[in-house]
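Since the structure comes first, as structure tokens, the remarks are kept for the end.
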Amino acid sequence: MRSFVLVLLLALCGRAGAEEIRQYIHTSWDSLSRSTNECASVRDVKVTTAPILYLPAGMAEPADVAKTRSACGVEVLHLPRVMRKIGDVRSEELKRPGLLYLPNRYVVPGGRFNEMYGWDSYFIVLGLVADGRVALARGMVENFFFEIEHYGALLNANRTYYLTRSQPPLLAEMVAEVYEAWAKSDPAAAKAWLAKAVPVLESDHALWTSEAHRAGATGLARYFDLGEGPVLEMADDSTYYPDAIKWMLEHKDSTYLVDANASDAASCTRALTSVCVHATFGGKRLSRDFYRGDRAMRESGFDTSFRFGAFSGSTHHFAPVCLNSLLYKYEMRLAEFSALVGIPAKGWTARAEARQDAMNRYLWDAAAGRFADYDFVAKKRSGYVYSTDFYPLWAGLSTVAQSAKIEQELPKLEMEHGLAMSAEKTGMQWDAPYGWAPEQWFAVEGLERTGFHADAARLAEKFCRTVEANFTRDGTIREKFDAVTGTTDILLTAGYKSNAVGFGWTNGVYVRLIGLK
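Numbering (mature numbering (1 follows the signal peptide of the UniProt record, and there is no 0)), first residue to last: -18 to -1, 1 to 499.
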């Protein structure tokens, strides 16, 4: 239950411009809704080739897809084989990139992100449920069930170039949101749905304990993409990888560099993609290991920061605080859901406790008073202060004493207009001074749940005041903001440099924090 202080301050937060924002967000759910039988859904500005819609191998073509083929001039193909697990089909095997079929309508983030994303959808679901759009939220969750069954995993998003990676594991939280809302009107139907969801959630969780996602011998998980080389979705940005090389040369950081005349085995295979061909600068290319880290970074959702080395090129070497906090909460949810529907719990509580023990052993830095990302290759904790420091509070895994220590980290990241991503200004969008809605949510909820009500209320107020001020200024809600200036003016060194309008997760977190109904 929220504290009186938080409820009062959030009510004040939502006072200025709330009705206009309410209407903007309410209508945005529809303007951002897509279906794979609509022409607008197939469009993809991230690649330059003509669109294709892919169906799972062996699936009969739905009637509405036949209409899409005709109305939109879209080629419709089947994936070459059945996918039992992620990576069973690789994007480079396909004729060209395309959209992966999903059966239900879904809400996209906005801007260049015209597909259903993994972790974005959690925050969108938060907003949909708060805004009374439970059926749409349930359809999105069931789309993820479809992905797990037919594409081998909950994907980064439903495009073929995402077939080798997932995103932060938040499906159990989405299921919880839909179940709790639905149970208010039809508890029997909601419970039956939850019973069907549990085995799917178990399959989703299994990805994160597979060999590829194990963080060495720590008993913890890491982010990892089963693909190789540069990501195909960067085809519309020929500057990102050269900019990374340029920065490394200027800063005399050769960790991830190889000579331009090095074999493809040391870097990427030029025959596979033009992105690899263009990924050169100053006589240098990026190493194969850098690309593994780059892909893992994109699975984490934090693309790009310097949290795991320059351009996060060592992401796959770390057991991150965020991922393992999410998995702890996932395991506790599975224990809870199993009990609710009378399914044997398969030791989920014990598995969560084992993860908590491993986090205390490898990630807890008693001297710094924080859980720190652990480099299991170098066998050391990171000193990079990051907004994900608050995830253990949200997940409920930190002790009272640990929570008090973590709360003391807040001044390092709290700015005038919200929580900044990190204490480091690197020119990357997922570092200082920028703030993002997901991190405001995890921090506010975590602080509130652990008794730091004034901190939670203050951060929540800063965030929604910032959203309101920028909406008043230009009539839009965007994906990120400057936590120092409070504006949505963004100046980045590398990566896509726009600040997309929409925007799914900002809408969802704002709606949830001010309690719009």
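Just so you know, even glycine gets a beta-carbon here, dropped at the ideal spot from N, CA and C.
Check your understanding: In the structure shown, what three-state DSSP assignment does THR488 receive?
Key -> helix
**Study point:** According to DSSP, residues forming a beta bridge with LYS362
**Key:** ASP357
Review point. From this set, GLY201, SER294, TRP175, which residue's C-alpha is nearest MET410's C-alpha?
Key: SER294
Exercise for review: Could you give the DSSP three-state label for ALA(-3): helix, strand or coil?
Suggested key: Residue placement at ALA(-3) cannot be trusted, given a pLDDT of 47 that sits under 50; what the coordinates show is reported in the next sentence. Coil.
Exercise for review: Starting from LYS228, trace the alpha helix (DSSP H) both ways and give me its first and last residue.
Suggested key: 222 to 232
Point to revise | Inter-residue Cα distance where the pair is VAL64 and PRO38 | key: 7 Å
**Study point:** Rounded C-alpha distance that separates THR475 from ALA226
**Key:** 9 Å
Point to revise | For VAL182, the three-state DSSP class (helix, strand or coil) | key: helix
Check your understanding: Who pairs with LEU239 in a beta bridge, going by DSSP?
Key -> LEU268
Exercise for review: State the DSSP-derived secondary structure class of LEU14, mapped to helix, strand or coil.
Suggested key: coil
Check your understanding: Which whole-angstrom value is the C-beta distance of VAL89 and VAL123, which I expect to be below 8 Å?
Key -> Going by Cβ atoms, the distance from VAL89 to VAL123 rounds to 12 Å, so no, they are not a contact pair.
Practice item. Counting only the same chain and skipping the five closest in sequence on each side, list residues whose C-beta sits under 6 Å from that of MET(-18). Key: With a pLDDT of only 47 at MET(-18), under 50, the local geometry of the prediction cannot be trusted, and the value read off the model is given with reservation. Same-chain partners within the cutoff: there are none.
Point to revise | Residues near ALA480 in its chain [Cβ-Cβ closer than 6 Å; skip 5 each side] | key: The residue asked about is misnamed: residue 480 is Ser in this sequence, not Ala. For SER480, where only same-chain residues beyond five positions count, there are no Cβ hits under 6 Å.
Review point. Does the count of Cβ pairs from the region 381 to 395 and the region 262 to 276 closer than 8 Å reach three?
Key: no
Practice item. Go to LYS462, then tell me how far its alpha helix (DSSP H) extends in each direction, as first and last residue. Key: That residue, LYS462, is in no alpha helix (DSSP H); its beta strand (DSSP E) goes 462 to 464.
Practice item. Measure the C-alpha to C-alpha separation of LYS67 and TYR133 and round it to an integer number of angstroms. Key: 7 Å
**Study point:** Residue nearest to GLU281 in terms of C-alpha spacing, selected from ASN452, LEU145, ASP347, PHE434
**Key:** LEU145
Point to revise | Three CB pairs or more closer than 8 Å across the region 218 to 232 and the region 292 to 311 | key: yes
Exercise for review: May I ask you to report which of helix, strand or coil DSSP gives VAL(-14)?
Suggested key: Reliability of the predicted coordinates at VAL(-14) is poor, the pLDDT of 49 falling under 50, and the value obtained from them is presented with this limitation in mind. Residue state, collapsed to three classes: helix.
Practice item. Give me whichever residues DSSP pairs with LYS407 in a beta bridge. Key: ALA414
Point to revise | DSSP-derived helix/strand/coil call for GLY100 | key: helix
**Study point:** Nearest residue (CA-CA) to TYR368, options PHE358, PHE424, PHE128, LYS328
**Key:** PHE424
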